[in-house]
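These notes concern the structure reproduced below.
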Amino acid sequence: MPFNENNHSSTNHSAPADTTNRLKHPSFVLEKTEKGALISVVFHPDAAHEINELLLTDIRSGETLSIQNTPQEDTNVFTLEYGQLFSLLNGEKTTVSCSWILSSLDEEDVSTRKRPVSLAAFEEVSLSDLNADTHDGKQVQFCLEGPALVLGLACNQPASRTDLISENHVDKVEQNGQDLTLTGSFTTRLFQVQKLEASIENQDESMHFLRTASFKLEHADKATHSYTYSYKVQLRCSQLAKQLFMEKNKDAFFTPYLLVHFAEMEAPLSLAAGTPADGADTSLSLESVQAFGRLAYVFTHRVDASGKLQLCALLYDRDTLTYARERSSTIWLTRPFHSKEEIWLIASGSPYERSFNSWDFFRYIREQMPEKDVYYILDPSSDEWEAAKAEAGDRLLAYKSEEYIWKLLVSSVLITGGAPHFIYPFGTPNWDRYIRAKKVILPDHLLGLSDERWTFNQQTTSPKVHFLLTSSKTEKRFAADSLGFEDTAVGLTGLPYHAKLLESAKQRPKEKILLFLPHIQKPKWRSYPEQSDNLFLSLAQNNAFKRFLQNTPLKPTIVLPAYKTEEAALFEAEQWTVIRGTSEEAQAAMLNSSVLVTDYHSMALDYGLLERPVFFYRPYTSDAEHTEEYSDDTASSLRSYHNELPGEIAEREDELIYLLEQIQTQNFEMSRKNRKKADALFENRDRRANERILERIQNL
Numbered sequence: 058m059p060f061n062e063n064n065h066s067s068t069n070h071s072a073p074a075d076t077t078n079r080l081k082h083p084s085f086v087l088e089k090t091e092k093g094a095l096i097s098v099v100f101h102p103d104a105a106h107e108i109n110e111l112l113l114t115d116i117r118s119g120e121t122l123s124i125q126n127t128p129q130e131d132t133n134v135f136t137l138e139y140g141q142l143f144s145l146l147n148g149e150k151t152t153v154s155c156s157w158i159l160s161s162l163d164e165e166d167v168s169t170r171k172r173p174v175s176l177a178a179f180e181e182v183s184l185s186d187l188n189a190d191t192h193d194g195k196q197v198q199f200c201l202e203g204p205a206l207v208l209g210l211a212c213n214q215p216a217s218r219t220d221l222i223s224e225n226h227v228d229k230v231e232q233n234g235q236d237l238t239l240t241g242s243f244t245t246r247l248f249q250v251q252k253l254e255a256s257i258e259n260q261d262e263s264m265h266f267l268r269t270a271s272f273k274l275e276h277a278d279k280a281t282h283s284y285t286y287s288y289k290v291q292l293r294c295s296q297l298a299k300q301l302f303m304e305k306n307k308d309a310f311f312t313p314y315l316l317v318h319f320a321e322m323e324a325p326l327s328l329a330a331g332t333p334a335d336g337a338d339t340s341l342s343l344e345s346v347q348a349f350g351r352l353a354y355v356f357t358h359r360v361d362a363s364g365k366l367q368l369c370a371l372l373y374d375r376d377t378l379t380y381a382r383e384r385s386s387t388i389w390l391t392r393p394f395h396s397k398e399e400i401w402l403i404a405s406g407s408p409y410e411r412s413f414n415s416w417d418f419f420r421y422i423r424e425q426m427p428e429k430d431v432y433y434i435l436d437p438s439s440d441e442w443e444a445a446k447a448e449a450g451d452r453l454l455a456y457k458s459e460e461y462i463w464k465l466l467v468s469s470v471l472i473t474g475g476a477p478h479f480i481y482p483f484g485t486p487n488w489d490r491y492i493r494a495k496k497v498i499l500p501d502h503l504l505g506l507s508d509e510r511w512t513f514n515q516q517t518t519s520p521k522v523h524f525l526l527t528s529s530k531t532e533k534r535f536a537a538d539s540l541g542f543e544d545t546a547v548g549l550t551g552l553p554y555h556a557k558l559l560e561s562a563k564q565r566p567k568e569k570i571l572l573f574l575p576h577i578q579k580p581k582w583r584s585y586p587e588q589s590d591n592l593f594l595s596l597a598q599n600n601a602f603k604r605f606l607q608n609t610p611l612k613p614t615i616v617l618p619a620y621k622t623e624e625a626a627l628f629e630a631e632q633w634t635v636i637r638g639t640s641e642e643a644q645a646a647m648l649n650s651s652v653l654v655t656d657y658h659s660m661a662l663d664y665g666l667l668e669r670p671v672f673f674y675r676p677y678t679s680d681a682e683h684t685e686e687y688s689d690d691t692a693s694s695l696r697s698y699h700n701e702l703p704g705e706i707a708e709r710e711d712e713l714i715y716l717l718e719q720i721q722t723q724n725f726e727m728s729r730k731n732r733k734k735a736d737a738l739f740e741n742r743d744r745r746a747n748e749r750i751l752e753r754i755q756n757l
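Numbering-wise (our numbering), the sequence shown opens with residue 58 and increments by one.
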């Protein structure tokens with residue numbers, strides 16, 4: 058039966074001169090059966106090739122299962138039995154790719170070709186469902202990947218469904234009184250939306266609210282099997298405040314998720330409300346205030362560090378809230394009387410924690426310049442408040458206090474570990490117009506593994522940053538290429554934490570700890586099965602990895618946030634050590650480890666100074682992933698930076714296990730190649746970072 062290949066063949070023989078590469082085939086039908094699935098396809102009669110077989114390939118082992126074509130008139134029919142598939146896989150977790158084996162209709166061309174099964178090549182597509190099936194206790198689920206909607210199977214593991222959504226944008230955010238209204242659009246592939254809901258979840262996953270969302274089909278494109286919808290979600294701030302007063306009584310941050318229901322799937326596809334589209338109206342109106350007695354919740358919205366819309370609920374004493382508004386509205390009159398004051402404020406990337414770099418620099422200034430008017434900002438709800446207060450005394454400013462508000466308004470220098478507006482009274486950029494301070498970024502970790510486009514990218518975000526502190530020419534190039542910093546606005550100073558790493562590098566760890574350091578954040582795709590700790594939990598339950606642990610002195614340890622109680626119990630059940638606590642405890646664990654494995658945590662770059670092996674397990678480096686998360690320019694520079702990572706990249710569990718086995722034969726030593734890459738990340742391998750940072754800031 059004829060078939061049109063979507064890609065040109067690599068054979069030396071020229072195909073007949075026709076337009077088959079642009080043909081769309083009539084139909085693709087996948088039906089579930091009692092024992093497996095039946096695939097029926099009709100190809101275009103003018104195609105230059107015919108189909109011989111359907112090839113299923115285990116991407117883990119390379120083993121293949123061939124399913125022969127049993128044509129019925131003009132229809133190609135392939136019968137898949139799950140029993141045959143699982144006899145090939147031996148019960149292991151894996152992904153199976155699906156490919157056609159083609160032969161040319163030209164009698165002079167005897168070659169065969171292998172092409173992926175792309176549903177985008179068909180005019181009509183019918184799938185009975187994409188739900189998981191169970192066969193003899195084993196699970197299998199069809200999945201679709203990439204813009205071409207390439208068919209595959211996830212075996213004994215959940216299937217990703219993220220490629221069923223090709224576009225997802227916020228078009229307008231309106232905040233008026235008690236209501237926050239979110240309007241946007243998204244595009245689905247293959248399937249039409251049956252129902253749409255919105256789930257609003259707070260950062261530690263302890264609270265969530267479900268709302269019905271209105272939606273409308275705006276455009277259907279049969280050629281690409283795409284359906285574009287507009288939607289509107291309305292949130293009532295008074296209801297959130299009431300629940301917060303009853304359950305939390307402290308600051309909270311919520312992420313709106315869309316629950317997209319398809320008739321072909323039992324569970325909805327859950328994704329974060331998209332990033333603001335170019336030209337989107339997300340301007341901040343007056344903050345919504347919900348008061349109960351002497352306390353009040355202030356609701357604002359912003360884009361968080363990962364590019365997702367975030368609703369901020371900040372708890373204030375009503376008197377302090379009044380003070381903030383009065384002081385900010387009159388600061389133009391009062392500031393001239395304080396123009397000679399030189400107040401420096403320091404904070405980490407969040408007012409709820411203190412990072413080693415920001416705190417060590419704060420401590421250094423107090424030691425070297427005791428007369429300097431310098432303060433550290435920290436929220437009293439932080440687990441580190443008491444320890445910080447004991448050391449800093451009255452130089453510790455309580456976030457959202459009157460003293461903090463006043464000193465922020467009259468400060469001359471503001472040094473933060475991340476976006477400056479995350480430290481502002483309402484956590485949004487709208488207070489920037491009141492602040493005269495020079496803004497300096499002293500990063501919590503090396504830049505490059507995370508997307509800073511939404512925090513301090515000088516091309517797209519406000520407030521603007523006056524100076525960025527980096528550690529290498531590589532990092533400085535990243536700041537210029539991806540974040541839009543001028544050369545004069547970036548300094549090669551190094552970070553204070555590196556002095557501690559250099560000291561620890563001289564000592565070998567007492568125990569052989571295999572440390573897993575996931576980058577924990579609210580994922581963009583809640584239904585994506587291999588995010589952060591879930592990615593490592595799958596590894597912990599892998600039989601091959603368990604066998605590796607039986608033959609190595611390495612002790613698996615993972616760092617998780619305190620609120621990840623259920624996940625921690627699952628790791629502990631697999632005999633892993635779980636560290637749950639502050640960033641300080643995570644840093645201590647890193648110093649005591651022999652090998653580090655991470656997805657894309659920024660601390661992995663700092664780890665290079667220890668000259669110990671580090672592996673990057675499925676970081677976001679593929680073209681498809683960057684197309685979704687980054688602009689083209691940012692994606693290009695990030696891919697370039699990933700080529701300089703001081704460790705190997707593993708995309709699958711078996712690849713990671715193999716790398717760990719290899720490093721064990723090398724006595725857990727970092728390779729010479731990776732040492733060179735690590736050296737390139739640090740311009741200054743000394744203990745004078747604080748001295749250089751202070752000099753740079755004084756010369757602003």
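Glycine included, each C-beta is placed from N, C-alpha and C at the ideal position.
Measuring alpha carbon to alpha carbon, tell me which of the options ends up nearest residue i.
i      : options                        : result
LEU206 : GLY234, VAL174, ALA189         : VAL174
SER263 : ALA619, GLY241, GLU710, GLN235 : ALA619
ASP131 : GLN632, LEU159, SER97, GLN260  : SER97
LEU184 : CYS200, TYR456, ARG170         : CYS200
LEU453 : SER469, ASP430, GLY475, LEU466 : ASP430
VAL470 : LEU751, CYS212, THR622         : LEU751
ASP711 : GLY140, THR152, ALA104, ILE124 : THR152
MET426 : LYS195, ALA105, GLU399         : GLU399
SER439 : ALA455, ALA449, GLY450         : ALA455
GLN723 : LYS299, ARG669, ASN599, ALA320 : ARG669
GLN296 : ASP278, ALA329, GLU321, ILE257 : ILE257
ASP489 : ARG411, SER529, VAL497, LEU466 : LEU466
On the three-state DSSP scale, how would you describe residue i?
i      : result
LYS530 : helix
GLN632 : coil
GLY541 : coil
PRO204 : coil
GLY209 : strand
GLU818 : The shown model of the chain, from 58 to 757, leaves out residue 818, and the question about it has no answer.
LEU771 : The question about residue 771 has no answer here: the residues shown for the chain are numbered 58 through 757.
ASP736 : helix
ASN741 : coil
TYR286 : strand
ASP690 : Annotation note: pLDDT 40 at ASP690 (below 50); position unreliable, coordinate value reported separately. It is helical.
TRP463 : helix
GLY548 : strand
GLN721 : helix
ALA625 : helix
By a C-beta neighbour count over all protein chains shown, 10 Å radius and 16 as the cutoff for buried, is residue i buried or exposed?
i      : result
GLN251 : exposed
HIS576 : buried
TRP401 : buried
ASN133 : buried
ASP590 : Confidence in ASP590 is poor, its pLDDT being 46 and thus under 50, which makes the residue's placement too unreliable to answer from.
GLU424 : exposed
PRO313 : buried
LYS464 : buried
ASN756 : exposed
LEU267 : exposed
HIS389 : First, the residue type needs correcting, since residue 389 is Trp and not His in the sequence shown. Exposed.
Is it true that the stretch 390-406 meets the stretch 424-440, where meeting means three or more beta-carbon pairs spaced less than 8 Å apart?
-> yes
Which ranges would you report for the alpha helix (DSSP H) in the stretch 342-397 if only whole runs of at least 4 residues count?
-> 375-391
How about the stretch 734-747 and the stretch 542-552: do they share at least three Cβ pairs that are nearer than 8 Å?
-> yes
Is the stretch 524-544 touching the stretch 612-631 in the sense that three or more CB pairs, one from each, lie closer than 8 Å?
-> Contact fails: fewer than three Cβ-Cβ distances are below 8 Å.
Between the stretch 699-711 and the stretch 640-649, do three or more beta carbon pairs fall short of 8 Å?
-> no
Between the stretch 230-238 and the stretch 203-219, are three or more C-beta pairs nearer than 8 Å?
-> no
Pairing CB atoms from the stretch 730-739 with CB atoms from the stretch 514-526, are three or more of them under 8 Å?
-> no
Write down every uninterrupted run of the beta strand (DSSP E) in the stretch 90-128 whose length is 3 residues or greater and which is fully enclosed by it, in chain order.
-> Runs of the beta strand (DSSP E) inside the stretch 90-128: 93-99, 106-115, 121-125.
What are the uninterrupted segments assigned as beta strand (DSSP E) that are 3 or more residues long and contained completely in the stretch 184-255, given in chain order?
-> 190-192, 195-202, 207-212, 222-233, 236-246
Which whole runs of the beta strand (DSSP E) in the stretch 139-184 are 3 residues long or more, in chain order?
-> Within the stretch 139-184, the complete beta strand (DSSP E) runs of at least 3 residues are 151-161, 169-173, 179-184.
Determine, using beta-carbon pairs with one atom in the stretch 495-506 and one in the stretch 655-672, whether at least three such pairs fall under 8 Å.
-> yes
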